[in-house]
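Mapping the sequence shown onto my numbering, position 63 (from 1) lands on 65, and the numbers just tick up by one. What follows is a set of notes on a single structure, which appears directly below.
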Amino acid sequence: MSEDNASEADTSLCCASCGIAEIDDINMKECDACDLVKYCSDECRKDHKSQHEEACNKRAAELRDELLFKQPESTHYGDCPICCLPLPLDQMKSIISCCCSKA
3 MSEDNASEAD
13 TSLCCASCGI
23 AEIDDINMKE
33 CDACDLVKYC
43 SDECRKDHKS
53 QHEEACNKRA
63 AELRDELLFK
73 QPESTHYGDC
83 PICCLPLPLD
93 QMKSIISCCC
103 SKA
């Protein structure tokens, strides 16, 4: 296992601020914005915020971009060459494309 994967696995099992391990008694809460780190309490989250803020903002932007720019699933008929929307499933029932109304 690489060094990055090892440190990632360690942080997912313990509090990013105090290092306490996740056990039955302690419920870890993930960072609301990025889900990269976990905290055992709100106090630990506040203490660690200054160290985590840059990575958190970067990951939050990546997640937001992924949601905004995710391409829709297309059908097996492909996409309309005019408007690039997926073509309808049953092309025999329509002589025009319902996506852009072109014949």
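All C-beta atoms in this analysis are idealised placements derived from N, C-alpha and C, irrespective of residue type, glycine included. Computed from a predicted structure; not experimentally measured.
Is there contact here, the stretch 24-32 with the stretch 53-69, by at least three beta-carbon pairs under 8 Å?
no
For residue 50, which residues in the same chain have their Cβ closer than 8 Å to its Cβ, ignoring the five residues on either side in sequence?
Taken in chain order, the residues that qualify are 18, 19, 39, 41.
Any idea if residue 58 is buried or exposed, counting beta-carbon neighbours within 10 angstroms, 16 or more meaning buried?
By the neighbour-count rule (16 or more Cβ atoms within 10 Å), residue 58 is buried.
In the DSSP assignment, what residue or residues form a beta bridge with residue 32?
40
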